[in-house]
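Q: The structure's right below; bear with me while I get my questions together.
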Amino acid sequence: MTLVDQFSAYSQWRADAAGAVARLRQWLSRNELGDVQGDLRLQYVLDRLRDDKLTVAFVAEFSRGKSELINAIFFSAHGDRVLPSSAGRTTMCPTELQWTPGARAEIRMLPIRTRATHASVSELKQFPEEWMVLRLDAGSLTDLQQAFARVGETERVATELASRLGFDIDEKGETGLKPGADGMVEIPSWRHAVIQFPHPLLEQGLVVLDTPGLNAIGAEPELTLSLLPNAHAVLFVLAADTGVTQSDMAVWREYVQGGQSRRKGRLVVLNKIDGLWDGLRDEAQIDAEIARQVSSVAETLEVPETTVFPVSAQKGLVGRISGDAALVERSRLGELERALAEDLLPTKQVIVRDSTLAEVDDLVTQTDRLLGARLSGLREQLQELTDLRGKNQSVIEYMMRKIRSEKTEFEQGLQKYYAVRSVFSTLTNNLLGHLGMDALRDETRRTREAMLESTFTKGLRQAMESFFFSLRGNLARSADEIAEITRMLDSMYKRFSVEHGLKLAAPEAFSTLRYERELDRLESAFNRQINSALALVTTEKHTLTQKFFETVAVEARRTFEVANRDVEQWLRAVMSPLETQVREYQLQLKRRLESVKRIHQATDTLEERVAELEQAEAAMLAQLAELKEIAGGIHAALGAAAPVAADAAMMQGRAA
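Next up, the structure:
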């Protein structure tokens with residue numbers, strides 16, 4: 001299968017899974033078995049399946065053939081290069097290639113001077129007026145080439161302005177931009193570009209992130225703190241003729257690895273192997289030389305040789321355009337594409353499958369238990385009425401008293417339930433108080449004030465480090481509240497299960513470890529890029545403060561936004577089963593009492609009522625079978641094992 005075929009298959013898998021989940025949602029609504037919370041959870045699952053994106057980032061120093069590699073993998077069908085590929089720098093700002101259904105083909109470019117607004121790229125994406133927008137003619141190769149070339153535009157500015165915009169200046173040009181004889185430096189004209197382009201792979205949900213070289217990449221910390229760490233795959237491109245240079249190593253350590261232990265999805269591309277095809281060596285000698293280069297690169301970067309892929313992007317592109325299969329084969333481009341698909345798609349598929357099943361199986365289990373409770377109550381009622389056949393009025397009156405007694409006992413238990421609801425509400429407010437955005441905004445404001453009031457480097461460092469200390473404290477207090485909520489609900493679940501026979505499993509656990517790890521990653525990046533002795537000494541206080549809040553604080557807010565969304569989802573999920581079962585048990589008691597009352601008033605209705613209950617039992621068994629079939633369909637669509645037989649299904653077998 002080609003890369004397009006692989007992505008198409010993955011896209012179809014997502015569509016099939018979404019269709020199966022949508023069927024469950026419709027079935028629950030049609031049979032009045034769902035509730036608002038459950039419906040919101042399924043809508044969230046559907047949105048996640050339909051809007052799922054896979055981001056592949058290309059990272060390299062300039063002149064490593066990165067743009068040519070993108071052309072070879074994605075755009076050879078156009079019969080020529082689409083992205084500019086020539087000697088020197090061609091990509092001057094981070095560029096996202098994507099396609100959104102219903103969008104128009106266009107290129108949006110964010111002017112470099114927006115850095116002076118202190119707003120992040122993600123924030124500015126919400127304000128279209130800040131971007132220059134050019135329409136694209138997707139059918140015109142020339143139009144595409146001209147539009148894509150604009151991403152590489154530059155301008156010359158004074159070093160003072162370049163510094164204010166976040167660029168490092170270095171007289172030698174080793175660690176920053178080198179001023180010319182006129183004292184001016186060359187900077188990108190654009191800060192970020194987003195290209196909406198109807199390409200087969202992009203239409204399947206792929207996002208290609210093309211990044212600039214070392215000097216430009218370091219000027220946009222959001223790229224290194226968010227876009228690259230969150231990419232599903234990163235292709236680090238080297239040149240076979242140069243190997244791993246000092247600047248390559250800096251890009252690898254600072255931006256590809258970035259202090260992360262994660263190696264999955266990080267591939268190294270050793271490009272330009274055609275430079276070894278000199279005609280003076282046979283294929284065996286050339287292959288041996290390439291193997292030595294691969295081994296050397298793997299050793300230098302401390303990665304397995306299996307993650308280093310030697311290719312010739314230029315020859316692969318030429319071979320595909322000219323239809324020369326032998327040249328494409330010799331370019332080894334296919335091996336890289338297979339690795340990309342095999343490394344990226346299955347990993348992403350497992351993540352999507354597991355998260356989808358976690359939500360769906362929980363709702364199916366809740367529904368199964370609800371139906372089981374209804375079936376159990378119905379059969380109990382049916383047994384009671386069957387036992388009344390031929391009995392006198394005194395027996396029926398005794399039955400009424402018995403049911404009233406159960407109802408009174410349950411209502412007394414409800415007082416404890418309402419007390420738990422009150423405590424749950426208090427604990428929830430406390431939890432959202434620690435984890436909520438108001439607390440984060442307060443801490444951000446305090447940190448900003450402390451940094452601006454600091455006179456010395458020590459004060460700046462303490463203010464920034466205190467920011468992380470406070471956020472960790474908020475997470476720790478949130479974890480304590482979550483543990484308290486879990487213990488309280490577990491106790492109430494057990495009480496109602498024992499005293500009233502409700503089918504309730506222990507509440508689902510929730511951990512803040514994910515967000516703690518994200519803070520660890522963020523603090524590690526902060527220590528490397530901002531909290532170093534050199535940065536603190538050489539960077540002006542206002543610039544340092546601006547950089548901290550444009551990058552670290554923005555990423556921290558993003559982490560807490562995700563945490564808020566997840567914990568709110570969890571709170572809905574853990575309370576819903578208890579609410580549903582309590583409501584259902586109340587209805588069952590009411591139905592039983594009304595049924596016996598009717599029998600008491602008119603004995604001849606007994607047989608009619610028994611017949612009604614038998615019909616209701618048959619309908620409920622049919623619903624259980626349908627639920628099992630729908631759940632099995634979701635598992636099949638996701639490629640997961642069939643769900644384990646649920647409680648109600650087992651009850652069905654025992655009753656039969």
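Oh and the sequence shown: position 283 is 283 in full-length UniProt numbering, straight run, nothing missing. Glycine included, each C-beta is placed from N, C-alpha and C at the ideal position. Here the structure is a predicted model, which means the values were calculated and not measured.
1) Considering residue 39, what are the terminal residues of the alpha helix (DSSP H) in which it resides?
2) What's the call for residue 133, buried or exposed, on a 16-neighbour Cβ count within 10 Å?
3) With distances taken Cα to Cα, identify the nearest neighbour of residue 361 among 7, 628, 68.
4) Let me know the secondary structure DSSP gives residue 261 once reduced to three states.
5) Just to confirm before moving on: does the CB-CB distance between residue 286 and residue 310 stay below 8 Å?
6) Within the same chain, show all residues whose beta-carbon is closer than 8 Å to that of residue 572, passing over the 5 residues directly before and after it, in chain order.
7) Between the segment 532-549 and the segment 414-426, do three or more beta carbon pairs fall short of 8 Å?
8) Please state if the CB of residue 235 and the CB of residue 269 are separated by a distance shorter than 8 Å.
9) Which whole-angstrom value is the C-beta distance of residue 49 and residue 9, which I expect to be below 8 Å?
10) Step through the CB atoms of chain B and report whether any lies within less than 8 Å of the CB of residue 237.
11) Buried or exposed for residue 74, please, with buried defined as at least 16 other CB atoms from any protein chain shown within 10 angstroms of its CB.
12) My understanding is that residue 272 touches residue 322, with C-beta atoms under 8 Å, so please give their C-beta distance in whole angstroms.
13) Contact between the segment 576-594 and the segment 478-497 is defined here as three or more beta-carbon pairs at a separation below 8 Å; is this criterion met?
14) Would DSSP call residue 266 helix, strand or coil?
15) Output the distance between the C-alpha atoms of residue 563 and residue 121, rounded to the nearest integer angstrom.
16) Would you check whether the ligand MN has a heavy atom nearer than 7 Å to the C-beta of residue 254?
17) Between the alpha carbons of residue 113 and residue 165, how many angstroms are there, rounded?
18) Cutting at 6 Å between CB atoms, please list the residues of its own chain near residue 482, excluding the five before and the five after it.
19) Run through DSSP, which three-state label would residue 584 get?
20) Taking the runs of the alpha helix (DSSP H) that are 4 residues or longer, which of them lie wholly in the segment 94-148?
21) Measure the alpha-carbon distance for residue 240 versus residue 60 and round it to whole angstroms.
22) Taking 6 Å as the limit between beta carbons, can you name the residues of its chain near residue 261, skipping five residues before and five after?
23) Classify residue 531 as buried or exposed, calling it buried when 16 or more other Cβ atoms lie within 10 Å of its own Cβ.
24) Kindly provide the ranges of any beta strand (DSSP E) runs that are 3 or more residues long and lie completely inside the segment 266-350, ordered along the chain.
25) Just mark residue 381 as buried or exposed, buried being the case when its beta carbon has 16 or more other beta carbons within 10 Å.
26) So is residue 14 buried or exposed if we call it buried at 16+ other beta carbons inside 10 Å?
27) Let me make sure I understand the geometry here. Which of 368, 153, 635, 444 has the alpha-carbon closest to that of residue 658?
28) Just checking my contact of residue 65 with residue 237 at CB under 8 Å: how many whole Å lie between their CB atoms?
29) Put residue 186 into one of helix, strand or coil per three-state DSSP.
30) Kindly list the residues whose CB is nearer than 8 Å to the CB of residue 623, restricted to its own chain and excluding five residues on each side of it in sequence; keep chain order.
31) Using 8 Å as the Cβ pair cut-off and three pairs as the minimum, do the segment 98-116 and the segment 349-367 touch?
32) Per DSSP, what kind of secondary structure is residue 365 in: helix, strand or coil?
33) State the Cα-Cα distance for the pair residue 366 and residue 28, rounded to the nearest angstrom.
34) Could you tell me the alpha carbon to alpha carbon distance between residue 100 and residue 202, rounded to whole angstroms?
35) Excluding the 5 residues flanking residue 7 on each side, which residues of the same chain have their C-beta closer than 7 Å to its C-beta?
36) Which term fits residue 3, buried or exposed, when burial requires 16 or more other beta carbons within 10 angstroms of its beta carbon?
A: With the structure as the only source:
1) From DSSP, the alpha helix (DSSP H) with residue 39 extends over 36-50.
2) Burial state of residue 133 is exposed, judged by a 10 Å Cβ sphere holding fewer than 16 other Cβ atoms.
3) With respect to the C-alpha of residue 361, the residue from 7, 628, 68 having the closest C-alpha is 628.
4) Any reading at residue 261 needs caution, since the residue's pLDDT is 47, under 50, leaving its predicted position unreliable; the model's value is listed next. Secondary structure of residue 261 (DSSP, three-state): coil.
5) For residue 286 and residue 310, no; Cβs fall outside 8 Å.
6) So the list reads 37, 40, 41, once near-sequence residues are dropped.
7) Too few Cβ pairs lie closer than 8 Å, so no.
8) Contact flag set, yes.
9) So it is not a contact: roughly 15 Å between Cβ atoms.
10) As a matter of chain content, chain B is missing from the structure shown, which is built from one protein chain.
11) Result: buried.
12) Wrong, their Cβ atoms sit about 19 Å apart, outside the cutoff.
13) Segments in contact, yes.
14) Three-state result, residue 266: strand.
15) Cα-Cα distance, rounded: 21 Å.
16) As far as ligands go, the structure on display features none, and thus does not contain the ligand MN.
17) If you take the alpha carbons of residue 113 and residue 165, they lie about 7 Å apart.
18) Within the same chain, residue 482 has close Cβ partners 510.
19) In the structure shown, residue 584 adopts helical secondary structure according to DSSP, grouped into three states.
20) Qualifying alpha helix (DSSP H) stretches, in chain order: 121-124.
21) If I take the Cα positions, the gap works out to 13 Å.
22) Any reading at residue 261 needs caution, since the residue's pLDDT is 47, under 50, leaving its predicted position unreliable; the model's value is listed next. So the list is empty, once near-sequence residues are dropped.
23) Label assigned to residue 531: buried.
24) Taken in chain order, the complete beta strand (DSSP E) segments of 3 residues or longer contained in the segment 266-350 are 266-271, 308-310.
25) When all chains shown are included, residue 381 counts as buried.
26) Classified as buried, residue 14 has 16 or more neighbouring CB atoms from the shown chains inside 10 Å of its CB.
27) Examination of residue 658 is not possible in this model, given that the chain is present from 1 through 656 alone.
28) Taking the Cβ atoms as the reference, residue 65 lies roughly 6 Å from residue 237, within the contact range of under 8 Å.
29) Reduced to three states, the DSSP call for residue 186 is strand.
30) Answer for residue 623: 31, 33, 371, listed in chain order.
31) With the cut-off at 8 Å, the segment 98-116 and the segment 349-367 do not touch.
32) It is helical.
33) Cα to Cα, residue 366 sits roughly 12 Å from residue 28.
34) The straight-line gap from Cα to Cα measures roughly 8 Å.
35) The residues are 201, 204, 206.
36) Buried is the call here.
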